[in-house]
Amino acid sequence: MLQLQLPKWRTSLGLGLLAIALLCMNTAAHAQTKPKPDFSAIEAIHTLSDRDNTAALKQLQEYKDKLGKDADYVLRAEVLKTLIGILYDGGKIKEADAANTELLELARSQKDNDMINMALLGVAFQMLDQGKFAMALVKLNDIQQSLRDSKNAEVLMRLNIAFGMVQLAIGNFDKSLPYFLEALKLADQIPRRRAQAKMYRMESIARLYLNMHNAEKALETANDALAMQPKIESPKIISSLQMARGLALIDLGRHDEALEAYKTVLQISTEAGMPAVAATALGNIADYYLHVRKFAEAERAARFSLEKAQAVNDPFAIAIAKANIGFALAGQKKFSQGIGFINEAKKFFMETGSKSDVENLLSEIGNMYEAADMFKEALAIVREQQKLSDELFRSDRARAVATLQEQFNAQQRQKQIELLARENELKDADIKNRQLQQVVLMLAAIIMVMVGVVVFFLYRRVRKTNEKLREVNEQLEFHAVRDPLTGLYNRRSFVDMMKGRAILPEGERREDALDNPDCLILMDIDHFKNINDSFGHATGDAVLIEVARRLRSTVRDSDMVLRWGGEEFLIYSPRSNPAQLKGLVERILRSIGGVNIEVEGASVPVTLTAGFISLPFSGLPEAVCNWEKALQIADMALYLGKVNGRNRAYGVSKLLIAYEEALPVLDHDLSAAIKAGMVELIEVHGPVKLPENNLAVSSTVQDAELVNDTK
0 MLQLQLPKWR TSLGLGLLAI ALLCMNTAAH AQTKPKPDFS AIEAIHTLSD RDNTAALKQL
60 QEYKDKLGKD ADYVLRAEVL KTLIGILYDG GKIKEADAAN TELLELARSQ KDNDMINMAL
120 LGVAFQMLDQ GKFAMALVKL NDIQQSLRDS KNAEVLMRLN IAFGMVQLAI GNFDKSLPYF
180 LEALKLADQI PRRRAQAKMY RMESIARLYL NMHNAEKALE TANDALAMQP KIESPKIISS
240 LQMARGLALI DLGRHDEALE AYKTVLQIST EAGMPAVAAT ALGNIADYYL HVRKFAEAER
300 AARFSLEKAQ AVNDPFAIAI AKANIGFALA GQKKFSQGIG FINEAKKFFM ETGSKSDVEN
360 LLSEIGNMYE AADMFKEALA IVREQQKLSD ELFRSDRARA VATLQEQFNA QQRQKQIELL
420 ARENELKDAD IKNRQLQQVV LMLAAIIMVM VGVVVFFLYR RVRKTNEKLR EVNEQLEFHA
480 VRDPLTGLYN RRSFVDMMKG RAILPEGERR EDALDNPDCL ILMDIDHFKN INDSFGHATG
540 DAVLIEVARR LRSTVRDSDM VLRWGGEEFL IYSPRSNPAQ LKGLVERILR SIGGVNIEVE
600 GASVPVTLTA GFISLPFSGL PEAVCNWEKA LQIADMALYL GKVNGRNRAY GVSKLLIAYE
660 EALPVLDHDL SAAIKAGMVE LIEVHGPVKL PENNLAVSST VQDAELVNDT K
């Protein structure tokens, strides 16, 4: 499925965040010396902007011109803060940045530290908007140092939002979430528009869950925020949350519901005069049509999105629109035209250093080539994706660390210069008491060193304890879903995943479930007991590890390889091509049985017997034949392979009679169902190998025992 998600820091209709975060901050100094200014007119305009951005912008500009430069400082600052947010929502990025510069100059003229840092946060967001993540992080660390003693809830909320956005942009989701949660907590402490601020914070958290691939949690968070809607009327916030809902619904496969959410956003943004939001909505509508493979409709929506994005000069929205146009053209078999648009988007994301977007784009290009059976091109793209991922990650982190380190060293040098200057002044001022001062300084230094040593050892002990706890927690989390010997997913992780699998009622189908069903391949190592008996259990463990490695290297990255238990393995291959399924099983048998496994000088012959089946099976609703029943049938097919000589695979491809007659027999006796002509069977043979030593002898005995058991 061709799909492209928006960049992590821009999927939110978060330009409105600036209006919320910058609204209504009154400094203590002005509150003490002047009467509180009247903000009622600004409040009315801001409320209007929630419904009609264009009308609100016109009224606010008229109010600003009428106010003049001699008006009260707090009132002028309030006007500028509100203006910045409305300009951003209207897609007027350059004008918004100019207003932020004016606010910074005004705050500096009044030496208002909180307001200065509020405007500097706007500068940090400009850097983030341009893909300059390392520079944004340096700027935020400077602001954090300047705000160490600040108690202003609004500027602290804004700081946490900015840190969360930067961590989200560079892919540190675990570090991003605490910042967003702290911002949500601070939203309860701001003087006005608390409900709106809380809804925006919840929208940011929903977006974060989307990037963490937790669509259920994202949808739950967005719905909780929308439940607050009766308390306020704000099309901006509602459209932002509806956008998050749409993205979550797409991930959950509820495409039609997602389309309705996107259409709601498009209608709201058009009526409220928010072209940047409209461009985003059109881009997601194009993405919907790509999901459902309606490529002509996807192209039209993407081209409308491109027009909107170009009108507001939004470079990221432009790049995303071009990518969607390219995938839509490719879906219509216009590869030469489509790849041109896609390469333009790819070039932009690479130049901005947005590694997550480059990875997503390359992944979709690979899927596009694979869907067109252009496997050579798909393989080249996969390799490029891996290489770029490593390079972009390392370079971005290296730049950030180097810049921060240089800044830290410069600060330390400045502090040392200041300390030396003060020391010289003290010596010049009181030469007669020099010896006494030296004694005092020496004693103070000794005390500081002793305190520092104690603190250092305590800190190191606490850090080691925390590191051990973190390692234990990570190990517990890993072993909960992974097999400790092979590193593969375990049975529990697969069962948990399948419990969340959506089961449609009879009569309904996923749109491409029949053309691209999931596949279950259950495998068992032949004569594994003989391997343990002949070579030892250590060799048996080495064989399990090598089999796991070969299986992982044979299947797609999107396929899930599990150790089902003992010497049994399971491959879950979602959205597979039925025509290529037999070839996949043949490659699996050949990858294991084609070459002996070398363990400490011993050459161990290893083969697999497998049973496989598609899900949904033979077009049946999963309510009739769910994954557990399908896996039971695959297990019987595996057993049939054991009976018929091993080193082979049997696949149950489809029913030949009505399922009401076939399933009662197939549930318990696959052989009987085959003899009765109820099912169609696929047979795949493994590589032919000569018998070897004692394994061959014991295998013959074991085969005879197995045949006797079946009689």
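Counting in numbering that gives the first Met the number 0, the sequence shown runs from 0 upward without gaps.
Heads up, the beta-carbon is just placed ideally off N, CA and C, and yes, glycines get one too.
Computed from a predicted structure; not experimentally measured.
Taken in chain order, the whole beta strand (DSSP E) runs of length 3 or more contained in the segment 507 to 589 are 517 to 524, 559 to 564 and 567 to 572. Per DSSP, reduced to three states, the secondary structure at Ser238 is helical. Going by beta carbons, Lys197 and Ala186 fall inside the 8 Å limit. Nearest neighbour of Pro483 by Cα position, chosen from Asp514, Asp540, Asp532 and Ala344, turns out to be Asp540. Within the segment 618 to 684, the complete alpha helix (DSSP H) segments of 4 residues or longer fall at 626 to 642, 658 to 665 and 669 to 674, listed in chain order. Residue environment for Gln331: exposed (fewer than 16 other C-beta atoms within 10 angstroms of its C-beta). Under the DSSP definition of a beta bridge, Ser602 partners with Glu597.
DSSP assignment within the segment 52 to 80 yields the following whole alpha helix (DSSP H) runs of 4 residues or more, N-terminal first: 52 to 66.
If you ignore the 5 residues before and after Ser175, its C-beta comes within less than 7 Å of the C-beta of Gly163, Gln166, Leu167 and Leu207, all in its own chain and listed in chain order.
When DSSP states are grouped into helix, strand and coil, Leu614 belongs to the strand group.
For Ala609, the secondary structure class from DSSP, reduced to helix, strand or coil, is strand.
Taking the Cα positions, Leu79 is about 6 Å away from Ala98. Lys498: member of the alpha helix (DSSP H) spanning Arg490 to Lys498, first to last residue.
Between Gly685 and Gly592, the gap from beta carbon to beta carbon is short of 8 Å.
Under the three-state reduction of DSSP output, Arg462 falls in the helix class. Excluding its 5 nearest sequence neighbours in each direction, Tyr72 has C-beta neighbours in its own chain below 6 Å: Gln109, listed in chain order.
Comparing alpha-carbon positions, the option among Asp128, Phe294, Lys184 and Leu155 lying closest to Asn140 turns out to be Leu155. Residues of the same chain with a CB within less than 6 Å of the CB of Thr81, apart from the 5 flanking positions on each side, are Ile41 and His45 in chain order. An exposed status is given to Gln144, since fewer than 16 other beta-carbon atoms sit within 10 Å of its beta-carbon. Going by DSSP, Ala371 is part of no alpha helix (DSSP H) at all; its letter is neither H nor E. Lys375 counts as exposed, since fewer than 16 other beta carbons sit within 10 angstroms of its beta carbon. Straight-line measurement puts the Cα of Ala55 at about 37 Å from the Cα of Phe340.
For Ile656, the closest alpha carbon among the candidates Ala672, Val642, Arg645 and Ala648 is that of Ala672. DSSP, reduced to helix, strand and coil, places Arg481 within a strand of the structure shown. Restricted to the segment 208 to 278, the alpha helix (DSSP H) segments that are unbroken, complete and at least 4 residues in length are 214 to 225, 234 to 250 and 254 to 271, listed in chain order.
For the options Gln188, Asp88 and Asn210, the alpha carbon positioned closest to that of Thr279 is the one of Asp88. Collapsing the DSSP output to three states places Phe326 in a helix. For Ile189, no alpha helix (DSSP H) run applies, since DSSP gives it neither H nor E. In terms of Cα proximity to Ser492, the closest of Arg549, Leu225, Leu543 and Val560 is Val560.
Take the alpha-carbon of Lys467 and the one of Tyr458: they are about 14 Å apart.
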